[in-house]
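Below is one structure, written out as C-alpha cells, with a few remarks after it.
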Amino acid sequence: MSKTDHVVADTETPESSVTESNVTETAPVDAKSGGGRGSQGSKGSAGGSRVEEPQRIDTMFLWNRLKRTDPKATKPFTRAGGFRGTQIDPTWRFQMMTEVFGPIGKGWGYEQVDWTIAERMIFICARVWYVDPETKEKCFTGPQWGGTEMVRRRNGMEMPDDECFKMSMTDAVGKCLLQIGLAADVYMGQFDDSKYREESEAFYAAKSNPDLQPAAVEAFEAEVKRRLGACLDLDDLEEVWRSGVGTRLREIGAVDRAAQHRITGLFAQKKAEILKREEEDGREAA
1 MSKTDHVVAD TETPESSVTE SNVTETAPVD AKSGGGRGSQ GSKGSAGGSR VEEPQRIDTM
61 FLWNRLKRTD PKATKPFTRA GGFRGTQIDP TWRFQMMTEV FGPIGKGWGY EQVDWTIAER
121 MIFICARVWY VDPETKEKCF TGPQWGGTEM VRRRNGMEMP DDECFKMSMT DAVGKCLLQI
181 GLAADVYMGQ FDDSKYREES EAFYAAKSNP DLQPAAVEAF EAEVKRRLGA CLDLDDLEEV
241 WRSGVGTRLR EIGAVDRAAQ HRITGLFAQK KAEILKREEE DGREAA
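Sequential numbering of the sequence shown, starting at 1, is according to UniProt numbering.
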C-alpha cells in the first residue's frame, strides 16, 4: 500500500503525506517565472534550430498585487441623501504604494496638474507616476479631479475648512491609484460580501506574521532544500513533510503562492529522484 500525498493541493488535509506513487509529478516552479509578470513560451527544435515564442506579459500583475484592501484600513460612511460607502485610509494607500514601488519621490509620486474654485468648492486635478518594478520605466496614470467644500457647518455656523486643499488632493490621488488597481475590491463591491471580508482579514493577518515575511520564507525554503538533500528514501521524505512543512506551506500560500509552489515542487522533484533511483536499483538487482 502506497502512502498518500498532499504536496500540491491547497485543500488537502495535514494527515495526507507526500509519497503517493500515483500522483503526477510536477517540476519545481522557478522563482522568477513564479512571481514575475511574463512567462517565456515553449522552445522547440527542428533540425537543430530553436524556435522561441514571444514572451507573454501578465497585464494584470500590478492590479492583482494592489486590489485587495485591508479591512482594518476601511470604515463605512453615509453622506447626505442616504448614500453609503466604504472609506479607505489614505495612509494605508501610501503604505501599499511604498511596499510595491518604494519610497514616495523615488519609486512613485504624484503631481498637481490643475486646480480651480467653483461653487464654494476647491477642485484639484492630479496624476500619479510610478516606476515599473520590472522594466524600471516611469509610468503615469490618467489625471483625476478631487473636490472638497471650502466651508464646514459647525454648531449652526459656517467656518472655513483649512484642510480642503489637502482633502481635494487626497481625493484626486486616490482616484488615480484606483486606475492601477489599488483597493479595487472596494469599488467593485466585493467588500459587501462578508465571506470576502473574512478572507481579506485572514490574508492581512498572515501577511503581518513575522514567519511569513520574505526573508523568513526564503530561509524556510533554504532549510527545506537542505533537509531534502539528506533524504535517502520515501520514508525520509515523509518524515520531512510531517515535521510541519505542510502546515507552514499552507500559511505561506496565503501571502506568496509562488513560494508555496516552488517549495512544493522541491518535494515532487525529490520524490521523482528517489523513485527513479529505486527503479534503477531494482533493475540492477534483477
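Each residue gets a CB set at the ideal place from its N, CA and C atoms; glycine is no exception.
| Query | Result |
| --- | --- |
| Does DSSP put I263 in a helix, in a strand, or in coil? | helix |
| Considering only the beta carbon of each residue, do T141 and M167 sit closer than 7 Å? | no |
| Would you kindly work out how many angstroms separate the C-alpha atoms of I117 and C164, rounded to a whole number? | 11 Å |
| Which value, in whole angstroms, describes the spacing of the CA atoms of M169 and G253? | 37 Å |
| Can you have a look at A259 and say buried or exposed, based on whether 16 or more other CB atoms are within 10 angstroms of its CB? | buried |
| DSSP beta-bridge partners for F140? | W129 |
| Bridge partners of Q114, per DSSP? | One detail in the question is off: residue 114 reads as Asp in this sequence, not Gln. For D114, which the question treats as bridged, DSSP gives the partners C125. |
| Classify Q144 as buried or exposed, calling it buried when 16 or more other Cβ atoms lie within 10 Å of its own Cβ. | buried |
| Starting from F220, trace the alpha helix (DSSP H) in both directions and tell me its first and last residue. | P214 to G229 |
| Given V245, which residues of its chain have a CB within under 7 Å of its CB, disregarding the five upstream and five downstream residues? | V224 |
| Rounded to whole angstroms, what is the Cα-Cα separation between V186 and T86? | 7 Å |
| When DSSP builds the beta bridges, which residues end up paired with D210? | Per the sequence presented here, residue 210 reads as Pro, with Asp not at that position. Paired residues: none, contrary to the question. |
| Could you give the DSSP three-state label for F83: helix, strand or coil? | coil |
| Should Y130 and F101 be called a contact, given that it needs their Cβ atoms to be closer than 7 Å? | yes |
| Note down the Cα distance separating G282 from R227, rounded to an integer number of angstroms. | 25 Å |
| Quick check: what's the CA-CA separation for S200 versus C176? | 23 Å |
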